[in-house]
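J.: When we follow the working numbering, the leftmost residue of the sequence shown carries the number 1, and every step to the right adds one.
Glycine included, C-beta positions come from ideal geometry on N, C-alpha and C.
One structure, pasted below without further comment.
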Amino acid sequence: MKRDLTKITTEDYMWKLHFALRVELVAEALNNEDTIGNVTKGRVVTLTDGDIRNALSGPMLSHVFASNLRALSNIDEICSTCKIMSPMRNGAVREVDTTLSASGNRVKNCVIDDIMGFMNAGKGANEKREKTVSFSWGIQSKGPAPYTVLHSRVDPTEKNAKPKQKEDTTSDANTNKDQNTQMLFHGTLRSSEYALGTQMNLSRIGFDDERQTYISEDKELIKSRIKKALIAFRNTILDIHGAKCSSNMPHLIKVTGIVTEKTNAVDLMTKYSALNDDFISIHKDLSEVSHEFKDITEFNKVMETLLADEYLDFMIERNMNFINSQFAETSK
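Rendered as structure tokens:
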């Protein structure tokens, strides 16, 4: 599969991708809502008709994506707080570029701040950046209600209690005098097909929103960051991670959907939900460019098309030329 570059206008810098997907998972406990006593509840969402469905929260998916992005990033291209995935404070900018804004310097300083955004308020500072990659909640489109599984953990008295606290708990059913108690837990397992949407604004990666300029003329730097975002998204879907994966690693059954592309401000892009059975045909009808995938292999081929150097080089060159020409005209 190869992208036809001749049909892409050079008089714009719009560059967005929208993924509408259905991801089928079996026996997963990736996203839990709360724990009451010894019962853990899986996250759910209520639809407009009152129906309650299993769900994977957007913040959870975004966090998994950020973790994948961190794994792909070199130490010298992330700030001190992103090295340890600490969102509570912003890392110091290593070297200030006076041609960029304060937020633009953070974008240049850290690939994760660039793609995942940030908020730095207080002490006279007001720096912020919206994410360039947005996730919807994953909402169950097919599958049964969640079910409860029982698991236990034994608390051996000789390890967890002082000798004077030991109690003889032997009985006809329990002849082990060293066993204090068996702790029972109830957890939720779900088997669902999840509908979700992800939108990427690739034109903003490596871009200073305030100064309306790229952080560097180095096209390879910008391409490297875009590739990291695309690969991190692919890993988020195909190697999905979340809570309780050590003992409830999900079975990934199927990935289907469509990705649409917007390279012109007048092109139509819709957030039409993959909860609708006709979502693929609607996206095809409304979008100028789309790529459908019916299984995991086809999804990976679509991602490889988007990762192709020829495509990325063309789009980055186009965007930089357009931005530079527009900036030159407005500065006269």
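What would DSSP say about Asp295, mapped onto helix, strand or coil?
T.: coil
J.: Evaluate contact between the segment 212-220 and the segment 1-13, counting only Cβ atoms and requiring at least three cross-stretch pairs below 8 Å.
T.: With a cut-off of 8 Å, the segment 1-13 and the segment 212-220 do not count as touching, because too few Cβ pairs lie within range.
J.: Taking the alpha carbon of Arg53 as the reference point, which residue from Gly138, Leu307, Ala102 has its own alpha carbon closest?
T.: Gly138
J.: Quick check on the DSSP output: what are the complete beta strand (DSSP E) runs of length 3 or more inside the segment 274-321, in order along the chain?
T.: 289-293
J.: Look at the alpha carbon of Glu33 and the alpha carbon of Leu56, and state the distance between them as a whole number of angstroms.
T.: 10 Å
J.: Just tell me which of Gly187, Asn105, Lys128, Tyr272 has its CA closest to the CA of Asp285.
T.: Tyr272
J.: What did DSSP end up calling Met119 once you bin it into helix, strand or coil?
T.: The DSSP-derived three-state label of Met119 is strand.
J.: On the premise that Glu28 lies in contact with Asn390, defined as a C-beta separation below 8 Å, what is that separation, rounded to the nearest angstrom?
T.: Past the boundaries of the shown model lies residue 390; the chain is included only from 1 to 332, so the question cannot be answered.
J.: Pick from Met303, Ile222, Asp49: whose alpha carbon is nearest that of Asn235?
T.: Met303
J.: Output the distance between the C-alpha atoms of Ile354 and Lys83, rounded to the nearest integer angstrom.
T.: Because the chain is modelled from 1 through 332, residue 354 falls outside the range shown and cannot be assessed.
J.: What do you get for Asp114, buried or exposed, if any count of 16 or more other CB atoms within 10 angstroms of its CB means buried?
T.: buried
J.: Have a look at Thr270 and Glu220 and give me their C-alpha separation to the nearest angstrom.
T.: 30 Å
J.: If you reduce the DSSP assignment to three classes, tell me which class Tyr13 lands in.
T.: DSSP, reduced to helix, strand and coil, places Tyr13 outside both helices and strands of the structure shown, so it counts as coil.
J.: Report the CB separation of Asn68 from Thr132 in whole angstroms; it is logged as a contact under 8 Å.
T.: That belief does not hold up - the Cβ atoms of Asn68 and Thr132 are roughly 15 Å apart, past 8 Å.
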